[in-house]
Amino acid sequence: MSDPSASSQDPITTLFTMLAQAFEAESEDLARALEDGSLALEMSEDDEGGRFVEATWTRGGTPRVARVYRDRVLREKSARGDRPA
16 MSDPSASSQD
26 PITTLFTMLA
36 QAFEAESEDL
46 ARALEDGSLA
56 LEMSEDDEGG
66 RFVEATWTRG
76 GTPRVARVYR
86 DRVLREKSAR
96 GDRPA
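Count the sequence shown with my numbering and you get residues 16 to 100, in order.
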């Protein structure tokens with residue numbers, strides 16, 4: 016019998032790897048941040064219909080935002096817009 020959680024492990028690992036790249040952090044730190052509530056994940060869609068996970072990580076009172084698409088990561092650069100991670 017196969018482990019039902021095994022099929023969901025790869026996408027989760029991929030998501031945390033991409034977030035670690037965007038936030039310049041370790042995946043383990045992000046997992047702890049998710050557990051303590053300082054990292055919030057939300058599914059969303061952009062104006063062109065592209066679906067993504069928006070991650071907001073608040074550290075030291077400063078929120079940082081990254082969008083994880085299937086094929087790329089965008090992180091907030093400033094109030095003027097996003098840039099590829």
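From the three backbone atoms N, C-alpha and C, an ideal C-beta is built for every residue, glycine too. Treat the numbers as computed from the prediction; the structure is a model and nothing was measured.
By DSSP, does residue i sit in helix, in strand, or in coil?
i, result
"Glu-50", "helix"
"Ala-55", "strand"
"Glu-43", "helix"
Please report the straight-line C-alpha distance between residue i and residue j, rounded to a whole angstrom.
i, j, result
"Leu-54", "Ala-48", "5 Å"
"Gly-52", "Ala-40", "16 Å"
"Asp-62", "Met-33", "22 Å"
"Phe-67", "Glu-60", "6 Å"
"Gly-65", "Arg-87", "11 Å"
Can you tell me where the beta strand (DSSP E) with residue i in it begins and where it stops?
i, result
"Glu-69", "66 to 74"
"Ala-81", "77 to 83"
Please name the residue in the options whose C-alpha comes closest to that of residue i.
i, options, result
"Ile-27", "Arg-85, Phe-38, Gly-65, Val-80", "Arg-85"
"Phe-31", "Val-83, Asp-62, Glu-60", "Val-83"
"Thr-71", "Arg-87, Glu-43, Met-58", "Met-58"
"Leu-89", "Thr-29, Asp-25, Phe-38", "Phe-38"
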